[in-house]
Amino acid sequence: MPATASITTPIYYVNDRPHIGHVYTTTLCDAWARAMRLRGRDTFFLTGTDEHGVKVEKSAAANGVSPQAWADRNAAEFEAVLRLFQQTNDDFIRTTQPRHERQVQLLVERLRAAGALTKGSFEGWYDEGEETYLTETKAKESDYRSPVSGRPLVRAKEENWYFRLSAFAPRLERLFAENPDFVRPAARRNEVLGRLREGLQDVPITRTNFSWGIPMPGDPGHVIYVWIDALLNYVTALGLGDGSAPDRTRYWPADYHVVGKEILWFHAVIWPAMLMALELPLPKCVYAHSFWISEGQKMSKSLGNFIDLPALQGHVDRYGLDALRWFLVTRGPLDATDTDFRVAAFHDAYMAELVNTVGNCSSRVSAMIAKTFEGRMPEDPQAGGEWPARCAAAVQAWESHIDRFELGQATSVAMGLLREVDGFINRTEPFKLAKDPSRRAEVGAILAQCAETVRIAGVLLEPFLPVKTPELAAAFGGVRGSWAERTRWGALKPGSGLVKVALYPRVETAPAA
Ligand code: MSP
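FYI, our numbering numbers position 204 of the sequence shown as 841, with every residue one higher than the one before it.
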């Protein structure tokens, strides 16, 4: 049984429409999952939708449909987007599915049995029309009237269930001290540590002012807070709440929870504490990326710079899906700073890397072999020269970057090999040597070394460029087999057929931003 690999995206809210943020996180996870499968790992990649809560209840009402109908409609859109961008998720969990709801109730029972929950009350100024509490300052400012309707605020008291987060402070401190990579990147970890030092408040985990949620077991009228419900998806999808999916328990703990920076606290602090209370192992790493902004500004519907589905689709129509995935992974905000999505930068990345490097290098090498060696892999009396060692080092570096979720660096390793091949061709000029029949063996050696290196680089690019790399692999001898076989120098045997390829067409000018 091969070693397992497992990765998750956040589950996306169904009160929003899919946009670049969702596609970005999912694409990062997809590339990693593809890389792990390519290496022969037994991989599980989970995504889904977060469907409960007052916001969903309200948007459904505003649209004149039931919350379930609203959730069904939007969840279907999120699923369609996954197919559109060729994501290879192994499951799609929806928090309104019975399998999830049933296990959330069991898991919350277990939290209560473990002594991790208490019932407490909260009192404050309540705006009945808006169904929200106002702080004392805000209430005073508006003269104890609703800032929206002007009706008097009422003094209300609510009893809620609380998760005793504060009780986990010492264990959380130890977790962070002993596992410097539990939260990455480091800048995000430092933010979490800073907040932890301010002390931990208990977290209300039930609500009584709306009903679109999972009922609190044994306490009718209380609905489980949407975040508690949502976080549990990572284990309910694997049946850990009731043992209903024994073939999946091996995928816990997850190697990576990939999230946006705005939801890090829930994943880095509340979730681990819940898992401690449940006596379940903790995920190995919570990786928080930053945000895409657009043409220099925060994305907003009113500014017209919102990168929604039609905008993304437009890029795919013009440049192809590989180009979009490539831009997201290689230029995206994987570290601690936000990234600007500029159409001009997208165009330049496509031209420089996919057209002029991946496309050009593979077409040059395959075309020369087609012309000079009738499309047959030439013999190489030099047995690869320096190239086998170079490729082996690249494969190893790629593997360790993938292990560390350094996706951009993994792509650079492959691009580095292709650039070296380009440089080698420019230096040795096989196209000139080929005119002299007495140097045929030498030309054969050069081209064989180039072809084998391009083939191996192509394998390393597969998780990132899933649309066109199969064509590259087929054109370069169609070598099949395990990861070790496909990345082994010499797998492309002399005499194997090579076909001229043209992978990425030029796109002359970038569209206006
Ligand atoms: N439902 C919660 C998550 C629960 S997980 C147990 C949620 N959903 S969400 O629909 O708002 O999705 C948030 C995620 O979308 C972010 O964490 C991030 O992955 C992604 N993004 C949303 N906007 C983004 C950008 N502008 N840029 C990059 N990613 C961002 O929060």
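Positions of the beta carbon are idealized from the N, C-alpha and C atoms, including for glycine.
The model shown is predicted, which means the values in this text are computed figures rather than measured ones.
It is roughly 58 Å from the alpha-carbon of T1106 to the alpha-carbon of E795. Between P854 and E746 a beta carbon distance of about 5 Å is seen, short of the 8 Å cut, so the two are scored as contacting. D977 carries a strand assignment under DSSP once its states are collapsed to helix, strand and coil. By the neighbour-count criterion, in which a residue is buried when 16 or more other Cβ atoms sit within 10 angstroms of its Cβ, A672 is buried. Per DSSP, reduced to three states, the secondary structure at Q1046 is helical.
For P807, the enclosing alpha helix (DSSP H) covers residues A806 to E815. Contact check between the segment 864-872 and the segment 730-740: three or more CB pairs, one atom from each, fall below 8 Å, which counts as touching. Between I1062 and R1001, the gap from beta carbon to beta carbon is short of 8 Å. Contact annotation: L1084 and M988 have beta-carbon atoms that are not nearer than 8 Å. Taking C-alpha positions only, A697 is separated from Y661 by approximately 26 Å. Between F682 and L958, the CB-CB gap reaches or exceeds 8 Å.
Relative to ligand 1, even the nearest heavy atom lies 7 Å or more away from the CB of N942. Cβ contact annotation for W1120 (same chain, cutoff 7 Å, sequence separation greater than five): L675, R676 and G677, in chain order. Under DSSP, P841 forms a beta bridge with Y799. In the same chain as R1013, and ignoring 5 residues on each side of it, the C-beta atoms closer than 8 Å to its own belong to I1006, P1131, G1132, S1133, G1134 and L1135, in chain order. Distance from the CA of D728 to the CA of Q1046, rounded to the nearest whole angstrom, comes to 28 Å. Residue pairing by DSSP puts D945 in a beta bridge opposite H656. Beta-bridge analysis with DSSP links V691 to no other residue.
With distances taken between CA atoms, E810 lies nearest to M913 out of S1037, E688 and M913. Comparing alpha-carbon positions, the option among G1081, E1089, G761 and E1145 lying closest to L1129 turns out to be E1089. In the DSSP assignment, H894 is bridged to T645 and V923. One alpha carbon belongs to A910, the other to R885, and they sit about 23 Å apart. Rounded to whole angstroms, the gap between the alpha carbons of H904 and P1103 is 30 Å. Taking 4 residues as the shortest admissible run, the segment 687-753 contains the following complete alpha helix (DSSP H) segments, listed from N- to C-terminal end: 691-699, 704-721 and 735-750.
Taking the C-beta atoms as reference points, V718 is found no nearer than 8 Å to F819.
Boundaries around I930 are those of the beta strand (DSSP E), W929 to S931, since no alpha helix (DSSP H) includes it. By the Cβ criterion, the segment 961-978 is in contact with the segment 926-936, since at least three pairs of Cβ atoms, one from each stretch, lie closer than 8 Å.
In this structure, G1081 lies away from D985, with their beta-carbon atoms at least 8 Å apart. At a cut-off of 3 residues, not a single continuous stretch assigned as beta strand (DSSP E) sits fully inside the segment 1076-1105. Looking at the backbone, the Cα of A1112 and that of S1003 are separated by about 8 Å.
V791 counts as exposed, since fewer than 16 other C-beta atoms from the protein chains shown sit within 10 angstroms of its C-beta. When rounded, the separation of the alpha-carbon atoms in E688 and L919 is 25 Å. Residue pairing of K775 in beta bridges, as defined by DSSP: absent, with no partner found. In this structure, the alpha-carbon of E767 lies about 35 Å from that of L830.
Of Y649, L665 and G658, the smallest CA-CA separation from P1100 is found for L665. Taking C-alpha positions only, K1069 is separated from S1075 by approximately 12 Å.
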